[in-house]
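Undergrad:
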Amino acid sequence: MDIPKKHVAVVGGGTCTERESSLETAELVVKALTDAGYRVTFVDMDTEIAIKLSTLKPDVVFNCMQGIFGKDGCLPGHLNIMKLPYTHCGVLASSLASDKIKAKQWFRTIGLSTPDSVVIDKSDYVAGKSGDPMDRPYIIKPVAQGTSRDGNDQICFVTVPLSIYNVITSFRYRYVEAIFHGDDFDFASYTFPYGNQILVERFIKGREFTVAVLNGDVLGAAEVGESGASCPKSWYFFTSAPNQVGNLGKSKRFRDLETKYHEGFIKLSCPPHVSDSVNTELLASAEKIYKSLDCRGPIRIDYILEEKTDRLFVLEVNTDPGLGPMSDFPAIAAASRGMNLECIFDEILKSACCDFQ
């Protein structure tokens, strides 16, 4: 690597519900950078972060934070004030991308399609008197939560073996709830477990894709599918050919923590098995989003291609994508560019800076 003697502070953890995911990524980064010759110190994010970093005096901060105070722009803003160069996106891109409502507005502003949605504010909601906010099927999402893990680190789901969309028709998860025709869900009894606002979004049946971008370079796209029961527990978990649907992936309609990170449940097809025009649209859209938000470092953008119309919709932008052994970003980097983790981390560190530098 280019600058092996720099002192890197790897910041992760924190107190939000995504703490464990952040720590898993931080552990991986610490090991890889240490093996590469960097001087590395892990720093657990808390209210004393300024004191810790002022005492430590690192050359650069590797931001492994996720969720609140991390990818929402709070930590980048803090580091700007301290004039400490840091990895990943700055305040604007981080805060805008982490707010699903504002992000959807931005997508439309730059001419991209995103699923129809409504915002429900708790202060305007009358319990016991409100019907469905839109026609079923729809998705209930928190405004700013990420990895599919609940506050107690539990995988929570219930399924019913009947389907009209080739998916299971009753599913409850703390962070995302998919409401289908025939579900026994009553919106009038909704308790707003995610905060004062929720995003209710039209469910789109189609094929899911994700695109990885690093330092402005669109690395490639991959199709995300519940495909294959023999996915190796390695970050090389992509495939170049269609696979049969695995048993667990087939029984779920939402990629929760288990289907995302445990072997045998989810595979990527990279490059995706799509027409040249769809692949071009995916890559061009990702580049447009990256530039318009003034991103830096790694980001991952999720899409869905509607089955009925072949229309591509942007779902969300992740400005701090997972870098673990079963994460999408390193798999795409490996499949598309032959990049290993050391190379990825090296490129991420090259982009480290403060806003307005």
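Every number in the numbering used here is 35 more than the matching position in the sequence shown, counting from 1. Even glycine gets a Cβ: it sits at the ideal position worked out from N, Cα and C.
Would you identify the three-state DSSP class for residue 41, choosing helix, strand or coil?
TA: Within the sequence shown, numbered from 1, the residue matching residue 41 stands at position 6. Under the three-state reduction of DSSP output, residue 41 falls in the coil class, being neither helix nor strand.
Undergrad: Compute the Euclidean distance between the alpha carbons of residue 320 and residue 333, then round it to the nearest angstrom.
TA: Residue mapping note: residue 320 aligns to position 285 of the sequence shown, counting from 1. Residue mapping note: residue 333 aligns to position 298 of the sequence shown, counting from 1. Roughly 16 Å separates the two Cα atoms.
Undergrad: Using a Cβ-Cβ cutoff of less than 8 Å, which residues in the same chain neighbour residue 147 once the five nearest sequence positions on both sides are dropped?
TA: Indexing the sequence shown from 1 puts residue 147 at position 112. Answer for residue 147: 320, 323, 324, 349, listed in chain order.
Undergrad: Could you have a look at residue 338 and say whether DSSP puts it in helix, strand or coil?
TA: Translated into the one-based positions of the sequence shown, residue 338 becomes position 303. The answer is strand: DSSP assigns residue 338 an E or B state.
Undergrad: For the beta strand (DSSP E) that contains residue 152, what are its first and last residues?
TA: What you label residue 152 is simply residue 117 of the sequence shown in a count that begins at 1. Residues 152–156.
Undergrad: For residue 211 and residue 227, what's the separation of their Cα atoms in angstroms?
TA: Position 176 of the sequence shown holds residue 211. Position 192 of the sequence shown holds residue 227. Those two C-alpha atoms are separated by around 12 Å.
Undergrad: Quick one: grab the DSSP three-state call for residue 386.
TA: One-based indexing of the sequence shown puts residue 386 at position 351. Correct three-state label for residue 386: coil.
Undergrad: Hey, how far is the Cα of residue 154 from the Cα of residue 169?
TA: Counted from its first residue, the sequence shown places residue 154 at position 119. Counted from its first residue, the sequence shown places residue 169 at position 134. For residue 154 and residue 169, the distance between alpha carbons rounds to 11 Å.
Undergrad: Is the separation between the beta-carbon of residue 318 and that of residue 258 shorter than 9 Å?
TA: As a working note, residue 318 is residue 283 in the sequence shown. As a working note, residue 258 is residue 223 in the sequence shown. No, Cβ-Cβ distance for residue 318 and residue 258 is not below 9 Å.
Undergrad: With C-beta atoms as the reference, is residue 358 less than 9 Å away from residue 68?
TA: Residue mapping note: residue 358 aligns to position 323 of the sequence shown, counting from 1. Residue mapping note: residue 68 aligns to position 33 of the sequence shown, counting from 1. It is not a contact, given that the beta carbons lie outside the stated cut-off.
Undergrad: Judging by CA-CA distance, which residue of 59, 216, 260, 72 is the nearest neighbour of residue 377?
TA: By one-based count along the sequence shown, residue 377 stands at place 342. Closest option to residue 377, Cα to Cα, is 72.
Undergrad: Check whether the Cβ of residue 147 sits closer than 8 Å to any heavy atom of the ligand NAD, and report yes or no.
TA: In the structure shown, the ligand NAD is absent, as is every other ligand, since no ligand is present at all.
Undergrad: Please confirm whether residue 132 has its beta-carbon closer than 9 Å to some beta-carbon of chain D.
TA: Here there is only one protein chain, and chain D is not present.
Undergrad: Can you say whether residue 144 is buried or exposed, counting buried as having 16 or more other CB atoms within 10 angstroms of its CB?
TA: The residue given as residue 144 occupies position 109 in the sequence shown. Exposed, by the Cβ-count rule.
Undergrad: For residue 371, which residues from the same chain have a beta carbon less than 6 Å from its beta carbon, with the 5 sequence-adjacent residues on both sides left out?
TA: Here residue 371 refers to the residue found at position 336 when the sequence shown is read from its first residue. So the list reads 254, 255, once near-sequence residues are dropped.
Undergrad: For the putative contact between residue 46 and residue 96, defined by C-beta atoms under 8 Å, what is the C-beta separation to the nearest angstrom?
TA: As a position in the sequence shown, residue 46 is number 11, starting the count at 1. As a position in the sequence shown, residue 96 is number 61, starting the count at 1. Going by Cβ atoms, the distance from residue 46 to residue 96 rounds to 6 Å, so yes, they are a contact pair.
Undergrad: Here's the rule: buried if 16 or more other CB atoms are within 10 angstroms of the residue's CB, otherwise exposed. What is residue 90?
TA: Residue numbering aside, residue 90 sits at position 55 when the sequence shown is read from its first letter. So residue 90 ends up on the exposed side.
Undergrad: By the three-class DSSP mapping on this structure, what secondary structure does residue 92 have?
TA: For the purposes of this step, residue 92 is identified with residue 57 of the sequence shown, where counting begins at 1. Note: residue 92 maps to coil in three-state DSSP.
Undergrad: For residue 365 and residue 161, I'd like the C-alpha separation in whole angstroms.
TA: For the purposes of this step, residue 365 is taken as residue 330 along the sequence shown, with counting starting at 1. For the purposes of this step, residue 161 is taken as residue 126 along the sequence shown, with counting starting at 1. In a straight line, the C-alpha of residue 365 is about 45 Å away from that of residue 161.
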